[in-house]
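*Asks:*
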Amino acid sequence: MNVPAPPRPPASAPAPVPGPEPRHPVRRSPAEGGVPARRAMTRWAWRMLRREWRSQVLVTLLLMLAVGVAVCGGTALGNIPPPADPTLGSADVVYVLNGRDEARALAADIAALRARFGVIDVVGHSPLTAAGLASPIDYRAQSPGGTYTDQILALTHGRYPSGTGEAAVTAGMAELLDLRLGGTVALDGHPRTIVGIVTNPSDLKDDFVLVDPAGSSSPHTVSVFVGGRGAGENNEELHLTTVTQQLGQGPDNQRLVIDTLVLAAATILLLLVAFVAAAGFGALAHRRLRQLGMLAAVGASARHVRLVMITAGLLVGLVGAIAGTAAGLACWLPAAGWLQSATGHRVDQSAIPWFLVGAVAVLAVAMAAAAAWWPARAVSRLPVTLALADRPPAPRSTRRPAGLAAVFFVVGLGCLAAGGKDTPALIVAGTLATALAILFAAPLAVRLLGWAGARAPVAVRLALRDLARHQARAGAALAAISLALGIPVAIVVLATDIQATPASGNLSDHQLVVRVARAGDPPSLIPIHTDAQVSELTAAVGRMAAGLPSPTVLPLDMAYDPAAPTENGVASGEPVRHALEFGLPHGANTYQTVLAYLSTPELLRLLGASPAGIPATTEVITSHSGDLVLVEGRGIEKAPATTVVRGSGYTSTPDTLLTSGAVRRLGLVPIRAGWLVESARPVTASQLAAVRRVAAGAGLTIEARHGQGTVRTVRASAAAGGLVVALAVLAMVVGLIRGEGAADLRTLTATGATAGIRRTLTAATAASLAVLGVLLGTVGAGLGLLAVYRQDLAVFGRIPAVYPLLFLLGVPLAAVVGGWLVAGKEPARIARRQAD
Amino acid sequence: MTAAVLELRGVTKVYGAGATEVHALTAVDLTVQAGEMVAVMGPSGSGKSTLLTIAGSLEAPTSGEVLVEGTSLAGMSAGDRARMRRRHVGYVFQDYNLLPGLTVTENIALPLELDGVRARKAAEVARHTLDDLGLADHGRRFPDELSGGQRQRVAIARALVGDRRLLLADEPSGALDTQTGEVVMRLLRKACNAGAATVLATHDAQLAAWADRVVFVRDGVTVDQAGPAAGPESLLTADTPR
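From first to last, the protein sequence lines are chains A and B.
Quick note, in our numbering, the first sequence goes up one by one and the last residue is 1139.
Quick note, in our numbering, the second sequence goes up one by one and the last residue is 253.
(1) Going along chain A in order, which residues have a C-beta closer than 8 Å to the C-beta of Tyr102/B?
(2) Mind pulling the alpha helix (DSSP H) runs of 4 or more residues that sit fully within the stretch 792-858 of chain A?
(3) Between Met81/B and Glu18/B, what straight-line distance do the alpha-carbon atoms span, to the nearest angstrom?
(4) Leaving out five residues on either side along the sequence, give the residues of the same chain with a beta carbon under 7 Å from the beta carbon of Ala662/A.
(5) Hey, would you say Glu219/B sits closer than 7 Å to Ala50/B, going by beta carbons?
(6) Rounding to the nearest angstrom, what Cα-Cα distance links Ala237/B and Gly173/B in this structure?
(7) Taking C-alpha atoms, which residue in Pro430/A, Thr547/A, Arg419/A and Asp510/A lies nearest to Gly492/A?
(8) Report the partner residues of Leu436/A according to the DSSP bridge assignment.
(9) Quick one: which unbroken alpha helix (DSSP H) runs of 4-plus residues sit fully inside the stretch 347-406 of chain A? Chain order, please.
(10) Compile a chain-ordered list of the residues in the stretch 21-36 of chain B whose CB is closer than 7 Å to at least one CB of chain A.
(11) Taking buried to mean at least 16 other C-beta atoms within 10 Å of its own C-beta, is Phe658/A buried or exposed?
(12) Residues in the stretch 48-74 of chain B with C-beta within 8 Å of chain A's C-beta atoms, listed in sequence order?
(13) Does DSSP put Gly75/B in a helix, in a strand, or in coil?
(14) Just to confirm before moving on: does the CB-CB distance between Ala1069/A and Gly1113/A stay below 7 Å?
(15) Taking C-alpha atoms, which residue in Arg342/A, Thr954/A, Thr734/A and Leu931/A lies nearest to Thr946/A?
(16) Return the residue from the list Leu598/A, Ala1117/A, Leu573/A and Ala1023/A that minimises the CA-CA distance to Ala624/A.
(17) In chain order, what residues of the same chain have a beta carbon less than 8 Å from the beta carbon of Gln161/B, not counting five sequence neighbours either side?
(18) With which residues is Val978/A paired in a DSSP beta bridge?
(19) For Gly886/A, does the three-state DSSP call read helix, strand or coil?
(20) To the nearest angstrom, how far is the alpha carbon of Asp424/A from that of Gly631/A?
(21) Please classify Pro325/A as buried or exposed, where buried requires at least 16 other C-beta atoms within 10 Å of its C-beta.
(22) What residues in the stretch 590-622 of chain A bring their beta carbon closer than 9 Å to a beta carbon of chain B?
(23) Could you give the distance in angstroms between the alpha-carbon of Ala777/A and the alpha-carbon of Val1105/A?
(24) May I have a chain-ordered list of the beta strand (DSSP E) segments no shorter than 3 residues that lie completely inside the stretch 108-194 of chain B?
(25) To the nearest angstrom, report how far apart Gly1085/A and Asp651/A are at their CA atoms.
(26) For Pro904/A, is the classification buried or exposed, using 16 other Cβ atoms within 10 angstroms of its Cβ as the cut-off for buried?
(27) Contact criterion: CB-CB distance below 7 Å. Does Ala93/B meet it with respect to chain A?
(28) Using the three-state DSSP reduction, which class does Gly53/B fall into: helix, strand or coil?
(29) Where do the N-terminal and C-terminal ends of the alpha helix (DSSP H) with Arg967/A fall, by residue?
(30) For the stretch 119-133 of chain B, list every residue whose C-beta sits within 9 Å of some C-beta in chain A, in sequence order.
(31) Can you tell me whether Gln549/A is buried or exposed? The criterion is at least 16 other CB atoms within 10 Å of its CB, across all chains shown.
(32) How about Val228/B and Gly53/B: are their beta carbons less than 7 Å apart?
(33) Check whether the stretch 512-522 of chain A touches the stretch 438-448 of chain A, taking contact to mean three or more Cβ pairs, one atom from each stretch, closer than 8 Å.
(34) In chain B, what lies closer than 7 Å to Val687/A by C-beta?
(35) When we look at the beta-carbon of Thr473/A and count the other beta-carbons within 10 Å, is it buried (16 or more) or exposed?
(36) Measure from the alpha carbon of Asp91/B to the alpha carbon of each residue in Ala45/B, Thr114/B, Gly67/B and Leu110/B, then state which is nearest.
What follows is the structure in structure tokens.
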């Protein structure tokens, strides 16, 4: 088709004027466009995000998840401390007075305290024994609404008792003693009608019977709550004659510590998301490379180009922060109920730390903007012609990042080693430095992997080369995956440590100790039973255990000297045998009693020892370090040959065993002292109540503990959460990288590659990132934890084997399988690129 | 003599180094006056696009000097070069390069807004430009709703908005059919007649015929130049020496 010749200007056409006058004069800003330019860039960034919101969904969801976890978790952590000290309430000092001495002296001391401090609260305590329970029941004479005791007494049903014939009980006490409203309780010999159910809001596990102070007899001890200036000082001036103890509160910086820890944890979590977001924004920048180049071509400055990307980051951050905050607060409502039972004190749903919530939201927006800033900077520095040609920059050297990684790693390990378990600031700094070390090491790891795959089959080779080509993006994603795995690794180790460390020293939550000793008598005073009676008691223990899931019953035998005379029980008065005990020196001429049980293979296992590891000459196996001495009936003499083992860490489980050789040599006789019952799951309150009823009927006492099940739940939840996040990040990054390689996929398909090749490509990409992420994450976290736990390496041996297997094998396997299954579809367009 | 709008003096551009060195341009001289359209012709890889990117300050030459309206680009900061592109240089690409997220009016107004003109005023100027190019009804549309020819006209409008003096067009009708290509060339010619200096890179002789002068480039070197054919009246003009 011929194009008509253009019209030629006439030969006498006038010369063109030097420059036309502007037809539409406009006023321009002197600098880089000022506010109008920024508005234009922001407008375009918003339009861009609206068009391509799908590409930012995963980053937004991750941000939302991180903010939600931080808000809900932070609120929960902030509500872990009780509203008031469960013992001191809001008092500055509590004077504990002996109520058994002269009533006049007691009254004088109380009057002196009232005169000195003005307003005081007085609470009487009388410990009374109940059938079947090793621990006494507290009969508490307390008036409601006290100035300092208001937060440690609350009514949940009925009313407060009034007068001598009424009482209120806690819900736990009611369940334990089979009591109800309208029923009767008479542990002190005086029948009282139960008119109310009460609780200690600061300690929901505090079980007691509440009586009216006006209607109670002389208490065993009296606690006087005082406050104000001078509380606890100059006690000599008060001339108190009955005081036995003085309890006080230190400066309350617990909330500040918790807020700091929550913000630090939120920062680490958001850092993880920022790494992922950086990968996402990098992909966005790459997709928009030509358009950003065109912007520069029409006169946008580098700052304008950066503003486009940073605005996108801010918008994504804002959406994630708002949605995450809403989700976190929504999750807090049901979580408050769970927290109440876990912490054992009342939790107020409206007690939300708004400052913390706001700080987390601001941090989320800032992190998202920061994540967008890095790829924005890279794009703005790219030559305009390269951007217009849609050519990304060549990968840069990884030497400097590797050097920085080494520096951060050393700093991080140093902080963790110096901080140990006690210094939150150093722990946080060490964790952040280690996370940054992983970030800087990641690009080098990706490049090394690319070199390692030089001789691999073509699909694997292509996958590894693509990772190395996009090493900045892959590096950020690898850092995110490593952090997502490293955090649960740390939580698993910490939870294992907490689980093995008793908080108040008796038993784990799935153990019960059943004792033959009568309530109120020391455990070493064993009532004398015939064999038939022992069989009956054993049968009763069997009935107790039958109500527990998959129980194990271990007999506990002690030994006594047959030559020693029988004694009378302290509380029971009945004839008893005094079992052999040891003493552990505890200051000058003071010994801590150590119960001794007869050794069995099961009890040895409980102590973490095996028969093969015990020398043949050993007579005493103990977890106590220090020289045990024999005290009872033999004067003070050093214990026989002793072997020290690890122990379970619980003070009420057997921790000192006598070998059969020792029993023979010392001429001792075994005697059944009790049973250790172990359940497969934590013992619930109703199970405990049923066990107590059987024990009471058989004349036995039980000892139990609540509340450690949450540690196992936390450990499992952290591991599961970390795996899910790591796999989600992996899926997003693999999708991004393979999406950028869509042209390669088209070429491969056009050249004849099968679905197997395409699947291998994706599976190899996913597996490479997963393996590297597992290595970096577990090694980084592991080295950091080694630094913290270098004095107690045994904690690593207590980690259930399922966790290392899950992390080291499960993640790469899931990545390979997922990548293989998801990929394989033939590209929709082979011949053409998708137009903008 | 009027000052040239664009001057290239001994411009050389080398990519890479050593064995991979590529001489995209070698000692190119070019002068374009206001109201003049110069076509740069040559086969693929001859350096036409490189010449335009250097003229438009998108790239710096390896050696030589580039002057736009008498101002040398050498030593200019990135910000100064960006400002110069906003105010003095209009670029028309083969593949339009319009921002899909902005309307037609917003695409045209973009250089003004980047230069600090308030959005309302910039849009008003853009609409006037749209009127001049016969696209008044398309102001609220997005680029993906337009045909190729319409998109290129919008790109030309963006290059012309703000009364720029230098227009650089790289294969402006390369992606268009012949009829639409002619429409585009008419617009460029019209802009030239209004006083803009235009440099047009093309490998198509029919497009080059619209130019006042044609510069031939091969392997980065200017090999020939051709001006417009003079008409028979030229012999009788007073300035013609006898």
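The C-beta atom is built at its ideal place from N, Cα and C for all residues, glycine as well.
What you are looking at is a predicted structure, and each value in this text was computed from that prediction instead of being measured.
*Replies:* To lay it out plainly:
(1) Ala600 and Val601
(2) 834-849
(3) The residue you asked about is not Met; residue 81/B is Gly in the sequence shown. Those two C-alpha atoms are separated by around 8 Å.
(4) Leu566
(5) Just to set this straight, residue 219/B is Ala in the shown sequence, not Glu. Yes, these two residues count as a Cβ contact at 7 Å.
(6) Going from the Cα of Ala237/B to the Cα of Gly173/B covers about 31 Å.
(7) The option with the nearest alpha carbon to Gly492/A is Pro430/A.
(8) Ile1005/A
(9) 360-381
(10) Those would be none; no residue qualifies.
(11) Residue environment: Phe658/A is assigned as exposed (fewer than 16 neighbouring CB atoms within 10 Å of its CB, all protein chains considered).
(12) Thr64, Gly67, Leu69 and Glu70
(13) strand
(14) no
(15) Leu931/A
(16) Leu573/A
(17) Leu146 and His149
(18) The question names Val, yet the displayed sequence has Trp at residue 978/A. Beta-bridge pairing links Trp978/A to Val817/A and Pro858/A.
(19) strand
(20) 40 Å
(21) With a pLDDT of 49 at Pro325/A, under the threshold of 50, the modelled position of that residue is not reliable, and the figure given next carries that caveat. That one is exposed.
(22) Arg593, Gln594, Gly596, Met597, Leu598, Ala599, Ala600, Val601, Gly602, Ala603, Ser604, Ala605, Arg606 and His607
(23) 29 Å
(24) Within the stretch 108-194 of chain B, the beta strand (DSSP E) runs of at least 3 residues that lie entirely inside it are, in chain order, 177-181.
(25) 38 Å
(26) exposed
(27) Yes, its Cβ sits closer than 7 Å to a Cβ of chain A.
(28) coil
(29) Looking at the DSSP string, the run of the alpha helix (DSSP H) that includes Arg967/A is Ser963 to Leu969.
(30) Ala120, Leu121, Pro122, Leu123, Glu124, Leu125, Asp126, Gly127, Val128, Arg129, Ala130, Lys132 and Ala133
(31) exposed
(32) Their beta carbons are under 7 Å apart, which means Val228/B touches Gly53/B by this criterion.
(33) yes
(34) By Cβ distance, chain B contributes Leu69.
(35) buried
(36) Gly67/B
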